[in-house]
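Here the structure comes first, spelled out in structure tokens, and everything after it is commentary.
Protein chains: 2
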Amino acid sequence: MRTAEIPDIVIGRLPIYLRELELLAHNGQEVTSSHELGERLGISSAQIRKDLSWFGPFGKQGTGYHVNYLVEQLRKIMQVDREWPVAVVGAGDLGRALARYGGFAHRGFRITCIFDNDVAKIDTYVGNLRVMSTVDLKDEISLRGIQIAMVAVPAGSAQAVTNALVEAGVKAILNYAPITLSVPPDVHVQYIDPATHLQHMTYYLR
Amino acid sequence: MRTAEIPDIVIGRLPIYLRELELLAHNGQEVTSSHELGERLGISSAQIRKDLSWFGPFGKQGTGYHVNYLVEQLRKIMQVDREWPVAVVGAGDLGRALARYGGFAHRGFRITCIFDNDVAKIDTYVGNLRVMSTVDLKDEISLRGIQIAMVAVPAGSAQAVTNALVEAGVKAILNYAPITLSVPPDVHVQYIDPATHLQHMTYYLR
Chain G
1 MRTAEIPDIV
11 IGRLPIYLRE
21 LELLAHNGQE
31 VTSSHELGER
41 LGISSAQIRK
51 DLSWFGPFGK
61 QGTGYHVNYL
71 VEQLRKIMQV
81 DREWPVAVVG
91 AGDLGRALAR
101 YGGFAHRGFR
111 ITCIFDNDVA
121 KIDTYVGNLR
131 VMSTVDLKDE
141 ISLRGIQIAM
151 VAVPAGSAQA
161 VTNALVEAGV
171 KAILNYAPIT
181 LSVPPDVHVQ
191 YIDPATHLQH
201 MTYYLR
Chain S
207 MRTAEIPDIV
217 IGRLPIYLRE
227 LELLAHNGQE
237 VTSSHELGER
247 LGISSAQIRK
257 DLSWFGPFGK
267 QGTGYHVNYL
277 VEQLRKIMQV
287 DREWPVAVVG
297 AGDLGRALAR
307 YGGFAHRGFR
317 ITCIFDNDVA
327 KIDTYVGNLR
337 VMSTVDLKDE
347 ISLRGIQIAM
357 VAVPAGSAQA
367 VTNALVEAGV
377 KAILNYAPIT
387 LSVPPDVHVQ
397 YIDPATHLQH
407 MTYYLR
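If you read the sequences in order, they're chains G and S.
Mapped onto this note's numbering, the consecutive letters of the first sequence carry residue numbers 1 to 206.
Mapped onto this note's numbering, the consecutive letters of the second sequence carry residue numbers 207 to 412.
As structure tokens, this is what we get:
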């Protein structure tokens, strides 16, 4: 089922499909169609059918998709049918907001540790989590076997933090610092930079 | 220069190029090449040349790009050679972090107002900004002529907030709520949902 040929852009749409299907399931809807999903997501129904067909025949012509079954299958495909421990680096406004964010719990993730290099923040609490020193980052992350981290430090510190995360065994980094990171080929990075998203849109404003 | 034919995926890469060029300029570098930019960004140099060629001949074979000139041109193309006022809706952890974030100032944006519907938050301050009631959202935003907003409210309120923003004249929305929004065709939406980004990466983890 998992082949190297599946384009990354297809993989990137799966979480969007899953999120919408989970919303339908939450609302008690049992069956949907590529047409309905497409309408709700602003994606063509043909695109949705094509994307899902990489992973198997999930629906029948004329009867649509069983929402709960497709949710379960997509969770397995994306490996979020489990709970991944996640580290947050940076206990500033953003890092603290991420550590307290309630939106990870039902989507496969739990923030289990948070680090900062500011002595004024170390040993303070963010929710239930004690802020640890970045001095202990490598040991703690490799000891806990954490593979996923979110980087919420200033741009000037982000590459050094990333290097430490990679040495500790992290394989997936969600980077909030406004800088492109350099990582080995087996480490995945996704970027969240609100100014970049805003600039993408101002191009179109008249 | 601005044509409807330019693919949106090209527009989406321009802010990444600009950000890296600004970093080079900040470091005092005067000239760069598509090869160097490509190395730093993990994008092929051919892709970069092709993307930039939509907008004009910015470099000469063999001499590369003048960093400051290209920065200036990209800012004009994306219309961030000015400062756009931006509204934040939601004064929770995330909304407050966004309102205080220092990374917008030099990239074309300034948060000028923040709204919440919680009476415990209304009239409190986030930095210099007084939290206003969402009751006043439409009037304030249309009065101020604001075209850009960031939505940082729970998923269940995001569509209603979006409708109010659109009625007030907002044309570009950066949505942090984990839900796909429905907007008229002339309104642009970009999405930031960390769980979606994380799920994209867990697909690849072994």
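By construction, the Cβ of each residue, glycine as well, lies at the ideal position given by its N, Cα and C atoms.
Straight-line gap, residue i to residue j (C-alpha atoms, nearest Å)
{"i": "residue 173 (chain G)", "j": "residue 234 (chain S)", "result": "29 Å"}
{"i": "residue 411 (chain S)", "j": "residue 389 (chain S)", "result": "35 Å"}
{"i": "residue 395 (chain S)", "j": "residue 284 (chain S)", "result": "16 Å"}
{"i": "residue 293 (chain S)", "j": "residue 246 (chain S)", "result": "33 Å"}
{"i": "residue 351 (chain S)", "j": "residue 323 (chain S)", "result": "21 Å"}
{"i": "residue 46 (chain G)", "j": "residue 11 (chain G)", "result": "16 Å"}
{"i": "residue 275 (chain S)", "j": "residue 406 (chain S)", "result": "36 Å"}
{"i": "residue 360 (chain S)", "j": "residue 282 (chain S)", "result": "35 Å"}
{"i": "residue 337 (chain S)", "j": "residue 7 (chain G)", "result": "44 Å"}
{"i": "residue 414 (chain S)", "j": "residue 125 (chain G)", "result": "Shown here, chain S extends from 207 to 412; a query on residue 414 (chain S) therefore has no answer."}
{"i": "residue 179 (chain G)", "j": "residue 195 (chain G)", "result": "12 Å"}
{"i": "residue 16 (chain G)", "j": "residue 82 (chain G)", "result": "18 Å"}
{"i": "residue 1 (chain G)", "j": "residue 403 (chain S)", "result": "The predicted position of residue 1 (chain G) is uncertain, since its pLDDT is 47 and thus under 50; a value taken from the coordinates is nonetheless stated next. Roughly 22 Å between the two C-alpha positions."}
{"i": "residue 298 (chain S)", "j": "residue 134 (chain G)", "result": "27 Å"}
{"i": "residue 249 (chain S)", "j": "residue 25 (chain G)", "result": "39 Å"}
{"i": "residue 9 (chain G)", "j": "residue 202 (chain G)", "result": "24 Å"}
{"i": "residue 302 (chain S)", "j": "residue 157 (chain G)", "result": "23 Å"}
{"i": "residue 57 (chain G)", "j": "residue 262 (chain S)", "result": "46 Å"}
{"i": "residue 369 (chain S)", "j": "residue 211 (chain S)", "result": "29 Å"}
8 Å Cβ shell around residue i - same chain, five flanking residues per side excluded
{"i": "residue 31 (chain G)", "result": "63, 64, 65, 66 and 67"}
{"i": "residue 316 (chain S)", "result": "289, 290, 291, 292 and 310"}
{"i": "residue 141 (chain G)", "result": "87, 113, 149, 165, 168, 169 and 170"}
DSSP-derived helix/strand/coil call for residue i
{"i": "residue 397 (chain S)", "result": "strand"}
{"i": "residue 60 (chain G)", "result": "strand"}
{"i": "residue 212 (chain S)", "result": "coil"}
{"i": "residue 238 (chain S)", "result": "strand"}
{"i": "residue 1 (chain G)", "result": "Legend: pLDDT at residue 1 (chain G) = 47, less than 50; position of this residue unreliable, no value from coordinates given."}
{"i": "residue 176 (chain G)", "result": "coil"}
{"i": "residue 17 (chain G)", "result": "helix"}
{"i": "residue 203 (chain G)", "result": "coil"}
{"i": "residue 170 (chain G)", "result": "coil"}
{"i": "residue 273 (chain S)", "result": "helix"}
{"i": "residue 151 (chain G)", "result": "strand"}
{"i": "residue 392 (chain S)", "result": "coil"}
{"i": "residue 254 (chain S)", "result": "helix"}
{"i": "residue 42 (chain G)", "result": "coil"}
{"i": "residue 198 (chain G)", "result": "helix"}
{"i": "residue 181 (chain G)", "result": "coil"}
{"i": "residue 27 (chain G)", "result": "coil"}
{"i": "residue 260 (chain S)", "result": "coil"}
Contact set for residue i: own chain, Cβ-Cβ below 6 Å, skip 5 residues either direction
{"i": "residue 171 (chain G)", "result": "147 and 187"}
{"i": "residue 13 (chain G)", "result": "51"}
{"i": "residue 191 (chain G)", "result": "175"}
{"i": "residue 254 (chain S)", "result": "240, 243 and 244"}
{"i": "residue 391 (chain S)", "result": "none"}
Spatially closest choice to residue i from the options, by CA coordinates
{"i": "residue 149 (chain G)", "options": "G:25, G:115, G:54 and G:125", "result": "G:115"}
{"i": "residue 343 (chain S)", "options": "S:305, S:333, S:329 and S:367", "result": "S:367"}
{"i": "residue 240 (chain S)", "options": "S:261, S:265, S:308 and S:399", "result": "S:265"}
{"i": "residue 143 (chain G)", "options": "G:120, G:119, G:159 and G:113", "result": "G:113"}
{"i": "residue 295 (chain S)", "options": "S:215, S:328 and S:226", "result": "S:328"}
{"i": "residue 260 (chain S)", "options": "S:279, S:242, S:345 and S:308", "result": "S:279"}
{"i": "residue 181 (chain G)", "options": "G:101, G:102 and G:159", "result": "G:159"}
{"i": "residue 139 (chain G)", "options": "G:157, G:168 and G:48", "result": "G:168"}
{"i": "residue 186 (chain S)", "options": "G:57, G:101 and G:193", "result": "Outside the modelled stretch of chain S, which goes from 207 to 412, sits residue 186 (chain S), for which no answer is possible."}
Nonlocal neighbours in the same chain, by C-beta distance under 7 Å from residue i, ignoring five residues either side
{"i": "residue 80 (chain G)", "result": "107 and 108"}
{"i": "residue 94 (chain G)", "result": "152 and 176"}
{"i": "residue 99 (chain G)", "result": "88, 111, 114, 126, 127 and 129"}
{"i": "residue 71 (chain G)", "result": "18, 21, 22 and 25"}
{"i": "residue 325 (chain S)", "result": "none"}
Per-residue contacts from residue i into chain B (C-beta, under 9 Å)
{"i": "residue 377 (chain S)", "result": "Absence of chain B from the displayed structure is noted, the protein chains being G and S."}
Residue i CB to nearest heavy atom of the ligand COA below 7 Å
{"i": "residue 26 (chain G)", "result": "Absence of the ligand COA is noted for the structure shown, with no ligands found whatsoever."}
Q: Entirely within the region 277-307 of chain S and at least 3 residues each: give me those beta strand (DSSP E) ranges in chain order.
A: As summarised for the region 277-307 of chain S, the continuous beta strand (DSSP E) elements at least 3 residues long and confined to that stretch are 290-295, given in chain order.
Q. What are the start and end residues of each continuous alpha helix (DSSP H) run of 4 or more residues lying completely inside the region 104-148 of chain G, in chain order?
A. Taken in chain order, the complete alpha helix (DSSP H) segments of 4 residues or longer contained in the region 104-148 of chain G are 137-144.
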